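The structure appears right after this line, and notes come after that.
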Amino acid sequence: MLVFKRVFRSCLLVMCSFVAGALLSRASASTQDRDPYQMLNQLARVLVLVENEYVEPVDRQRLIEGSIKGMVAELDPHSSYLPPSDYSILLADTEGRFGGIGVEVDFTGELVTVIAPIEGSPADRGGVRPGDQIIAIDNRSVEGRSPNDLVRAMRGKPGSRVGLTLRHKGDDRLVTVTLTREVISVASVANKLLKGGVGYLRIKSFQSGTHTELLDALAKLRAQAKGNLQGVLLDLRNNPGGLVDEATAVADEFLSGGVIFTTRRRGKVVDEVRATRSGSLQSGPLVTLVNEYSASSAELVAGALQDNHRSTVVGAKTFGKGSVQSIVDLPGHAGLKLTTMRYYTPSGRTIQAQGIQPDVLVDSGYGADQGQNLTREEDLEHHLSPEGPRTASPRAVLRAPAGVERGAASEDTRLGVSRDIPVDPTQSRDFALSVAYQIVTGVQRRR
Numbered sequence: 127m128l129v130f131k132r133v134f135r136s137c138l139l140v141m142c143s144f145v146a147g148a149l150l151s152r153a154s155a156s157t158q159d160r161d162p163y164q165m166l167n168q169l170a171r172v173l174v175l176v177e178n179e180y181v182e183p184v185d186r187q188r189l190i191e192g193s194i195k196g197m198v199a200e201l202d203p204h205s206s207y208l209p210p211s212d213y214s215i216l217l218a219d220t221e222g223r224f225g226g227i228g229v230e231v232d233f234t235g236e237l238v239t240v241i242a243p244i245e246g247s248p249a250d251r252g253g254v255r256p257g258d259q260i261i262a263i264d265n266r267s268v269e270g271r272s273p274n275d276l277v278r279a280m281r282g283k284p285g286s287r288v289g290l291t292l293r294h295k296g297d298d299r300l301v302t303v304t305l306t307r308e309v310i311s312v313a314s315v316a317n318k319l320l321k322g323g324v325g326y327l328r329i330k331s332f333q334s335g336t337h338t339e340l341l342d343a344l345a346k347l348r349a350q351a352k353g354n355l356q357g358v359l360l361d362l363r364n365n366p367g368g369l370v371d372e373a374t375a376v377a378d379e380f381l382s383g384g385v386i387f388t389t390r391r392r393g394k395v396v397d398e399v400r401a402t403r404s405g406s407l408q409s410g411p412l413v414t415l416v417n418e419y420s421a422s423s424a425e426l427v428a429g430a431l432q433d434n435h436r437s438t439v440v441g442a443k444t445f446g447k448g449s450v451q452s453i454v455d456l457p458g459h460a461g462l463k464l465t466t467m468r469y470y471t472p473s474g475r476t477i478q479a480q481g482i483q484p485d486v487l488v489d490s491g492y493g494a495d496q497g498q499n500l501t502r503e504e505d506l507e508h509h510l511s512p513e514g515p516r517t518a519s520p521r522a523v524l525r526a527p528a529g530v531e532r533g534a535a536s537e538d539t540r541l542g543v544s545r546d547i548p549v550d551p552t553q554s555r556d557f558a559l560s561v562a563y564q565i566v567t568g569v570q571r572r573r
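Quick note: to get our numbering, add 126 to the position in the sequence shown (first position is 1).
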């Protein structure tokens with residue numbers, strides 16, 4: 127009873143203080159409008175209330191960190207406050223080196239599915255296979271956990287051990303493997319010489335060193351083609367973006383001049399980035415492949431090549447993330463990812479919430495009819511609105527001929543993209559790749 131009276135008296139005092147505060151607030155409304163720190167007083171009041179009156183003791187650091195996260199998350203889908211653990215993941219991803227088991231996974235469905243283990247990695251040596259479902263990590267179920275949480279669980283200090291509970295494709299039995307983490311280096315560029323002397327270059331993401339990797343891959347292709355490279359297929363499908371500087375350097379290799387992109391903030395041009403005249407791939411047939419999962423820096427490159435009439439863009443309309451995030455180091459090894467600008471293509475088109483419209487639209491071979499719910503930037507809550515000229519209306523879509531199995535139905539593809547590129551892409555179930563190859567070789571004309 128005494129406890130109840132004490133709590134009641136405390137709540138009554140709080141209510142009286144709020145009423146008095148409200149009356150004072152009305153009396154000095156004009157003063158508050160000029161006071162940018164008024165809401166900080168509100169935050170302090172709520173913090174005190176929660177600390178003193180919440181049903182259980184609370185961690186003040188957790189409360190304040192949560193308030194910072196919520197403040198930044200209200201801005202747009204891509205701004206975020208990153209606690210030290212999350213910030214370290216971001217930095218490791220941009221560097222392409224981290225302590226882990228070396229497995230690429232897909233978080234898009236309800237289950238965690240292995241796309242492929244990195245060749246020679248602990249996962250590869252431990253028997254992890256493409257298509258495996260990860261059921262638990264260190265005996266803790268993956269259900270209901272965020273991608274960042276699962277990434278943290280699989281990564282760790284080199285030499286430490288982690289257990290995975292797996293279900294192999296076509297087998298209901300559960301298998302547990304224990305792997306020892308190592309330093310994993312992830313290449314961002316893949317290459318292959320195709321039939322007819324066409325070079326295939328796939329950029330998986332733009333991370334530190336991607337431009338150098340591209341030049342090395344190009345040198346290998348030219349050596350294999352004995353200096354007679356007949357054209358290039360640049361594959362940016364499923365590329366989520368990454369470092370803008372690396373993407374700019376890549377685009378520069380294909381251009382002989384002109385604007386690569388501009389950035390604007392609050393209606394004013396902040397920067398205009400132009401190509402140099404030192405690119406190593408300034409001429410020759412070039413086709414760029416994109417899809418719904420090509421985003422951010424990948425869209426920047428595709429838009430630059432398209433607007434400068436350097437490349438035919440083939441595939442599906444891109445994701446539409448046309449905003450720039452600046453990364454700021456904060457005390458305590460935390461970080462802030464803050465949207466600071468919008469991207470625009472050389473012709474002044476906005477990428478934001480619109481994406482890049484391909485010159486040749488091709489059915490990806492997956493979508494709602496294949497059980498995939500496609501989400502683009504425009505579908506995200508709090509997304510920035512597009513500004514400037516709108517993209518052209520969609521053209522007719524090329525579809526795989528009747529009787530040809532589409533990519534989504536094949537174990538050899540992921541989201542319509544071939545896992546292993548055949549020397550002759552016309553024989554591939556990757557229909558967009560086949561179309562792009564026929565365009566770059568001149569067999570099929572651009573529509």
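Ideal Cβ placement from N, Cα and C applies to all residues, glycine included.
Please read these numbers as outputs of a predicted model, since none were measured by experiment.
| Item | Value |
| --- | --- |
| Terminal residues of the beta strand (DSSP E) in which PHE557 lies | Careful: PHE557 lies outside any beta strand (DSSP E), inside the alpha helix (DSSP H) at 557-566. |
| Closest Cα partner of THR471 within the set VAL488, LEU360, ILE565 and VAL395 | VAL395 |
| Option in GLY222, THR374, VAL288 and PHE387 with minimal Cα separation from GLY405 | THR374 |
| Residue span of the alpha helix (DSSP H) that contains ARG293, given as start and end | Careful: ARG293 lies outside any alpha helix (DSSP H), inside the beta strand (DSSP E) at 287-293. |
| For ARG512, the three-state DSSP class (helix, strand or coil) | The sequence given here has Pro at residue 512, not Arg. Three-state result, PRO512: coil. |
| Proximity of LYS410 and GLY357 at Cβ, strictly below 9 Å | The question names Lys, yet the displayed sequence has Gly at residue 410. Closer than 9 Å, so yes. |
| Nearest to GLY384 (by Cα), restricted to the options ASN434, ASN354, GLU372 and LEU559 | ASN434 |
| Three-way DSSP call (helix, strand, coil) for PHE445 in this model | coil |
| Residue interval of the beta strand (DSSP E) (run including LEU362) | Looking at the DSSP string, LEU362 is not in any beta strand (DSSP E), and its letter there is neither H nor E. |
| Among ARG436, GLY458 and VAL413, the one whose alpha carbon lies nearest that of VAL561 | VAL413 |
| Among SER205, VAL198, ASP489 and VAL523, nearest to VAL543 - alpha-carbon criterion | ASP489 |
| Euclidean distance between Cα positions of MET165 and ASN178 | 20 Å |
| Candidates GLU398, GLU379 and ASN417, of which the one nearest THR388 by Cα | GLU398 |
| Proximity below 9 Å, CB of ARG468 to CB of GLN478 | yes |
| Contact set for HIS337: own chain, Cβ-Cβ below 6 Å, skip 5 residues either direction | GLU372, ALA375 and VAL376 |
| ALA558 burial status per 10 Å Cβ neighbour count (16 or more: buried) | buried |
| Sub-9 Å separation of ILE260 and VAL288 beta-carbons | no |
| The stretch 241-250 / the stretch 219-233 touching (three or more Cβ pairs under 8 Å) | yes |
| Local conformation of SER423 per DSSP, three classes | helix |
| Nearest residue (CA-CA) to LEU355, options GLU339, SER334, LYS318 and GLN168 | LYS318 |
| Under 9 Å between C-beta atoms of THR438 and ASP485 | yes |
| Rounded straight-line distance, which links the Cα of SER314 to that of ALA345 | 16 Å |
| Proximity below 9 Å, CB of GLY368 to CB of GLN333 | yes |
| Environment of VAL569 [buried if 16+ CB atoms lie within 10 Å] | exposed |
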